[in-house]
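J.:
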Amino acid sequence: MSSTEFPRIRACLFDMDGLLLDTEDRYTSMTNEILQMYDKPTLPWFIKAQLQGRPAPEASKIFHEWAQLPISKEEYSQKQVELAPRYFTASKPLPGVVKLLNDLSSTEKSDKPVYIALATSSHRKNFKLKTDHLGDLFSLFPESRKVVGDDPRIGEGRGKPLPDIYLLALETINDELKERGEELIKPEECLVFEDAVPGVEAGRRAGMQVIWCPHPGLLNEYKGREDEVLAGLTGQHKEEEKSEPEKEVQSLQAKRGVGSGKLGTLKDGWAQILPSLENFPYERYGITIP
1 MSSTEFPRIR
11 ACLFDMDGLL
21 LDTEDRYTSM
31 TNEILQMYDK
41 PTLPWFIKAQ
51 LQGRPAPEAS
61 KIFHEWAQLP
71 ISKEEYSQKQ
81 VELAPRYFTA
91 SKPLPGVVKL
101 LNDLSSTEKS
111 DKPVYIALAT
121 SSHRKNFKLK
131 TDHLGDLFSL
141 FPESRKVVGD
151 DPRIGEGRGK
161 PLPDIYLLAL
171 ETINDELKER
181 GEELIKPEEC
191 LVFEDAVPGV
201 EAGRRAGMQV
211 IWCPHPGLLN
221 EYKGREDEVL
231 AGLTGQHKEE
241 EKSEPEKEVQ
251 SLQAKRGVGS
261 GKLGTLKDGW
271 AQILPSLENF
281 PYERYGITIP
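When you number the sequence shown by full-length UniProt numbering, it's gap-free, plus one each residue, and the end is 290.
1) Check whether the Cβ atoms of A231 and L191 sit closer than 7 angstroms, and answer yes or no.
2) Put G261 into one of helix, strand or coil per three-state DSSP.
3) Near E5, which residues of its chain fall below 8 angstroms by C-beta distance, leaving aside the five closest residues on each side in sequence?
4) Are I173 and A119 touching if we call contact CB-CB under 7 angstroms?
5) Quick check: the Cα distance between L35 and K109, rounded to an integer number of angstroms?
6) Along the alpha helix (DSSP H) that carries W45, what are the first and last residues, could you check?
7) Could you tell me the distance, in whole angstroms, from the CA atom of L274 to the CA atom of P85?
8) Considering only heavy atoms of the ligand GDP, does any lie closer than 6 angstroms to the CB of L274?
9) Whose C-alpha, out of P163, A49, N126, is nearest the C-alpha of E82?
10) Quick one: measure Cβ to Cβ for M208 and E188, integer angstroms, because I've assumed they're closer than 8 angstroms.
11) Quick one: give me the first and last residue of the beta strand (DSSP E) that V192 is part of.
12) Just how far apart, CA to CA, sit H123 and G149?
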């Protein structure tokens, strides 16, 4: 894909867990510690793949149906709460993240600015555990552009793979531009960065371009289905919402004050796979780093 074939990118919207930070592997280690307390097998990738990027209630249902632990969901959650500080306060940026965010941030005062926003399914409490020790990095995102999973502006049950969180992240940028009387950014001028399959679908359903940067274990689970993932066509959205997805996206975008969406088709070029965020190809997306 070249910058002449698709709209120039004016905003980059980032997932966090497993994309910016190594917290997905930490989630796995924490989960395995609890499973081993009850002589259960470690978390396999075919289950992990279903948990990534999903809102907590839905992920919890999938996990507990598989794990069959002899404790309640509430007891399991309490064990997670107790272990979380040990795992998450040691989280680290993944390769290429520091340079990429600093590079993009440096464009905001140029004649071709690229604005960045965060769109994570992590709730505020866990978000703070994962990021408070990484203040320099996460200060690159203005507070108004940090959208977390329990943001009240996201309706109940409207987490990824639905597009709401990315449309809201774009709205936080456009609110600033509106105040300055500048041209608003359209969804197709946004580049979503995701590691999880539901997150890729959320970006596509929002009508945005997408970078999929999956864990090797996840990529192996979708071997031969990569084009489906990139198009957002793996069926990760809820069954009752499959009938009129275009109508839903357009309705949401009208509510958010943005244009009509572009749902995915196989090999349409609106999404790409990258093995990591190192050596990011800025020119491919019309991005110029000062």
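Just so you know, even glycine gets a beta-carbon here, dropped at the ideal spot from N, CA and C.
T.: In terms of the structure at hand:
1) no
2) Residue placement at G261 is flagged as unreliable, the pLDDT there being 46, under the threshold of 50; a coordinate-derived value is accordingly withheld.
3) G269
4) no
5) 49 angstroms
6) 45-51
7) 30 angstroms
8) What this structure holds is no ligand at all, so the ligand GDP is not there to describe.
9) N126
10) 7 angstroms
11) 190-194
12) 5 angstroms
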